[in-house]
Amino acid sequence: MKWIGYVILTSFLWGCASSPQTSQELELELFFSPEQISLTAEQTRKINIFLDHNPYNQLTVYVGPANLDDKFKALLQSQKRIKAVNKLSQMKDIPMRLEFAPQQTADTLLIQSQ
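Using our numbering, the letters of the sequence shown correspond one by one to residues 2 to 115.
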């Protein structure tokens, strides 16, 4: 009977020790106000944490259009947001694929780890 208890306890401990770590974030979503072109301190902090946890992964950044009536101005706002995120990735020397996603929810930025 003791032997069965040891086997169960050992298998449980082995399972806990060998289970994969899944605590890493695979996606980060940020929200902007329509007129915002630079990152807030909180957004910068979140992106830096995400980059620190995913330094060797292929990262893709999808930037939605700004919620503006003028579509051209909305595109320009999105380009400025892309530039702000690109500065952070260059500072950490982490390559990112940056994409404008016109079908994405307005005023959002989504970073995905592949």
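C-beta: ideal position from N, C-alpha, C; glycine also.
Note that this is a predicted model, so its numbers are computed, not measured.
Expected contact under 8 Å - CB spacing of LEU29 and ILE112 to nearest Å: By 1-based counting over the sequence shown, the position of residue 29 is 28. By 1-based counting over the sequence shown, the position of residue 112 is 111. Yes, LEU29 and ILE112 are in contact; Cβ-Cβ is about 4 Å, under 8 Å.
- prompt: Out of PRO66, MET92, GLN44, which has the shortest C-alpha to C-alpha gap to LEU77?
  reply: Translated into the one-based positions of the sequence shown, residue 77 becomes position 76. It is PRO66 whose Cα lies nearest to the Cα of LEU77.
task: Could you pull out every residue in the same chain whose Cβ sits closer than 8 Å to the Cβ of LYS74, ignoring the five residues on either side in sequence?
output: Within the sequence shown, the letter at position 73 stands for residue 74. Closer than 8 Å at the Cβ level, and outside the excluded window around LYS74, lie ALA67.
query: Exposed or buried, LEU60, counting other C-beta atoms within 10 Å across all chains shown (16 or more means buried)?
result: The sequence position of residue 60 within the sequence shown is 59, counting from 1. It counts as buried.
message: Buried or exposed, going by whether 16 or more other CB atoms sit within 10 Å of the CB of GLN115?
response: Translated into positions along the sequence shown, residue 115 becomes position 114. Burial call: exposed.
- prompt: When DSSP builds the beta bridges, which residues end up paired with GLN113?
  reply: In the sequence shown, residue 113 corresponds to position 112, counting from 1. In the DSSP output, where bridge partners are listed per residue, GLN113 has GLU28, THR61.
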